[in-house]
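Order-wise, the sequence lines are chains U and A.
Numbering of the first sequence is given in our numbering, commencing with residue 10 and proceeding in unit increments.
Numbering of the second sequence is given in our numbering, commencing with residue 17 and proceeding in unit increments.
What follows is a single structure, written as structure tokens, with notes after it.
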Amino acid sequence: MKSGEVARLIQERYPGTDVRVPRERRVMVYIPSGLLIEMLAFLKDQGVTHISTITAVDRIKENIFELLYHLSWENNEISVRIEIPRETPVVPTVTAVLPGALTYEREIQDMFGIRVDHIPNPEKLLLPDNWPLGEYPLRKDYVVK
Amino acid sequence: MKETYRIPVGPQHPGFKEPMRIDITVDGELVVDTDIIVSFNHRGVEKATEARTYLQNLYLIERVCGICSHTHTTCYSQAVEEILGLEIPGRAKYIRCFIAELERIQSHLLWVGVAGHEIGWDTLLMYSWRDRETINDMLELISGNRVHYAMNTIGGVRRDIAPENVKDLREGLTYLEGRTEYYIHVITKEETFLNRTRGIGHLPTKTAKELCAVGPTVRASDVKMDIRRDDPYAAYPDLDFDVVTSDAGDVWGRSIVKTGEILQSIRICRQILDEIPVGEIRVRAPPKVPAGEAVSRCEAPRGELIYYVRSDGGSTPERIKIRSPTLANWMVATEMLKGVYIADVPIVVDAIDPCLSCSARVTITDHSTMKTVITSLGALGNQKQRR
């Protein structure tokens, strides 16, 4: 399926959604965080099963965490993007829709301190057991010691 | 009453390259549940990239992995080139693919040996690692290096394939083709191998898809997913190859896929030597990268590798996100281990070809006597054969 068709499909279901195609095989979907699960469930109904990873970006100047859920569908890599406030960094778990997302949700919890609500396994994934509480190494204000 | 015991495996093990721990819960000899802990050696590469220039990062990223170093730099360079709007020369694209396929061959041959070792059959390790030397020599011929080839740069590749080397490269491919056919014969006919791999570590297609497995692991569960075909990059749109799959879904199926892929890689390498366009091997890239972002994907020997690079217009990147294929395969590894015998744990874990890992001495506590035995994973693997 061409990337333009993917974009049209999403816009038909969710009119007014900002969907961009920076180049063939790449689709960027900008949505409010409240729509995340619904959007992923919609894409799953269309046949998306594979989540490649979740990228978090600390936009410290704007006081925002941006999250990109990279989904792969046929030839397209679809990035569903949400923004959440930096003071209350909470997202719902998407594992009910895409069970494979668990690893990446644990990763963003470790590295960015973004709390994933109702995550099936909240244990640390990448940081050691004795890592100090409340320190999140990939946040921009974390100073490497 | 049914009792289960929890056995920690790792995090230090001489048989593996990096530390990890697998906590296996056993009921007698059977594994009923597992948990994989990989948090022993996080190097903070993503954080480190934010303090380095784009070119410095190339050399840091080359060292994310020792076995698939070229795939990492290819994926990173592609992302930066996309933000820069650079189109690299055709010859550079073909050279990138050539090195990538040689890398795949050496990685898969390495795996064949390690798989042999894990089932207590070190002859296979000696044979396949001897043959793997051919690939290291070929890579050295082109790049001067056996492991970190440092072939990529932003804007193309750093070294050309010299015409006088083509004969040696072709001879190397012919030798490897013969050897790989022999290994396929061994894998499909040899009882030692069949007994230890058929039906072991089964991963159904549905679970493989659901838990987002990648690479030979998912292809051995009959899912036709290959980034070279699905999201073609470099010269792959011009190259002919088959995506090797198997419907076996077990360790044996994964062996069939990996060895089959070596033959496909040889086929790709020959096409490249036949059809490589003449011309420049790189274009000049400006040191500063404009504001922008790119998602780049490659098929590493172990599966889908994805990079997300964001620039804010400065000399260092705003964010580089790396997701290596092994991380994507941990969840299915836990699934595969359920229901196997303790003696099969090493080969099942090894079947995903973990790059990050792995683990260590195995401590087994006999609950009735509280006696603790420390043994090696390799010795555990041999136990079953001796019985």
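All C-beta atoms in this analysis are idealised placements derived from N, C-alpha and C, irrespective of residue type, glycine included.
Computed from a predicted structure; not experimentally measured.
Buried versus exposed call for residue i [16 or more other C-beta atoms within 10 Å across all chains shown]
i, result
"residue 73 of chain A", "buried"
"residue 316 of chain A", "buried"
"residue 107 of chain U", "buried"
"residue 362 of chain A", "buried"
"residue 79 of chain A", "exposed"
"residue 285 of chain A", "buried"
"residue 206 of chain A", "exposed"
"residue 252 of chain A", "buried"
"residue 149 of chain U", "exposed"
"residue 94 of chain U", "exposed"
"residue 217 of chain A", "buried"
"residue 165 of chain A", "buried"
"residue 97 of chain U", "exposed"
"residue 103 of chain U", "buried"
"residue 167 of chain A", "buried"
"residue 159 of chain A", "buried"
"residue 35 of chain U", "buried"
"residue 28 of chain A", "exposed"
Per DSSP, the bridge partner or partners of residue i
i, result
"residue 37 of chain U", "U/29 and U/88"
"residue 168 of chain A", "A/173"
"residue 337 of chain A", "A/324"
"residue 74 of chain U", "U/67 and U/93"
"residue 136 of chain U", "DSSP, once it has assigned bridges, lists no residue as partnering residue 136 of chain U."
"residue 309 of chain A", "A/326"
"residue 357 of chain A", "A/46"
"residue 124 of chain U", "U/99"
C-beta contact flag for residue i and residue j at 8 Å
i, j, result
"residue 325 of chain A", "residue 344 of chain A", "no"
"residue 66 of chain U", "residue 335 of chain A", "yes"
"residue 112 of chain A", "residue 90 of chain A", "yes"
"residue 342 of chain A", "residue 318 of chain A", "yes"
"residue 272 of chain A", "residue 203 of chain A", "yes"
"residue 348 of chain A", "residue 229 of chain A", "yes"
"residue 261 of chain A", "residue 240 of chain A", "yes"
"residue 269 of chain A", "residue 146 of chain U", "no"
"residue 121 of chain A", "residue 227 of chain A", "no"
"residue 266 of chain A", "residue 213 of chain A", "yes"
"residue 88 of chain U", "residue 37 of chain U", "yes"
"residue 65 of chain A", "residue 76 of chain A", "yes"
"residue 39 of chain A", "residue 350 of chain A", "no"
Proximity test, Cβ basis, 8 Å: residue i and chain A
i, result
"residue 46 of chain U", "no"
"residue 100 of chain U", "no"
"residue 35 of chain U", "yes"
"residue 69 of chain U", "no"
"residue 11 of chain U", "no"
"residue 49 of chain U", "no"
"residue 60 of chain U", "yes"
"residue 104 of chain U", "no"
"residue 83 of chain U", "yes"
"residue 86 of chain U", "yes"
"residue 15 of chain U", "no"
"residue 131 of chain U", "no"
"residue 52 of chain U", "no"
"residue 79 of chain U", "yes"
"residue 142 of chain U", "no"
"residue 76 of chain U", "no"
"residue 66 of chain U", "yes"
Any C-beta of chain U under 8 Å from that of residue i
i, result
"residue 55 of chain A", "yes"
"residue 324 of chain A", "yes"
"residue 376 of chain A", "Low per-residue confidence applies at residue 376 of chain A: pLDDT is 27, beneath 50, and the placement is therefore not dependable, though the value from the model is reported in the following sentence. Chain U, which has no Cβ nearer than 8 Å to the Cβ of residue 376 of chain A, makes this no."
"residue 192 of chain A", "no"
"residue 373 of chain A", "Because the pLDDT of residue 373 of chain A is 32, which lies under 50, any placement of that residue in the model is unreliable, and the question is left without a value."
"residue 60 of chain A", "yes"
"residue 247 of chain A", "yes"
"residue 25 of chain A", "no"
"residue 228 of chain A", "yes"
"residue 202 of chain A", "no"
"residue 225 of chain A", "yes"
"residue 379 of chain A", "Confidence in residue 379 of chain A is poor, its pLDDT being 36 and thus under 50, which makes the residue's placement too unreliable to answer from."
"residue 347 of chain A", "yes"
"residue 79 of chain A", "no"
"residue 311 of chain A", "yes"
"residue 274 of chain A", "no"
"residue 401 of chain A", "Bear in mind that the predicted position of residue 401 of chain A carries a pLDDT of just 40, short of 50, making it unreliable; the figure below should be weighed with that in mind. So no, residue 401 of chain A is outside the interface."
"residue 320 of chain A", "yes"
Amino acids of chain C, ordered along the chain, whose beta-carbon sits closer than 8 Å to that of residue i
i, result
"residue 91 of chain U", "No chain C appears in this structure, whose protein chains are U and A."
Residue i Cβ short of 7 Å to the ligand ADP heavy atom set
i, result
"residue 93 of chain U", "What this structure holds is no ligand at all, so the ligand ADP is not there to describe."
Review point. Taking only runs of the alpha helix (DSSP H) that begin and end inside the region 240-298 of chain A, which ones reach a length of at least 4 residues, in chain order?
Key: If we require 4 residues or more, the alpha helix (DSSP H) runs fully inside the region 240-298 of chain A come out as 243-246 and 267-291.
Review point. Unbroken beta strand (DSSP E) runs of length 3 or more, entirely within the region 95-119 of chain U: which are they?
Key: Listed in chain order, the complete beta strand (DSSP E) runs (minimum 3 residues) inside the region 95-119 of chain U are 99-101.
Practice item. Scan the region 105-142 of chain A and note each continuous alpha helix (DSSP H) run of 4 residues or more that stays entirely inside, going in chain order. Key: You should have 106-134.
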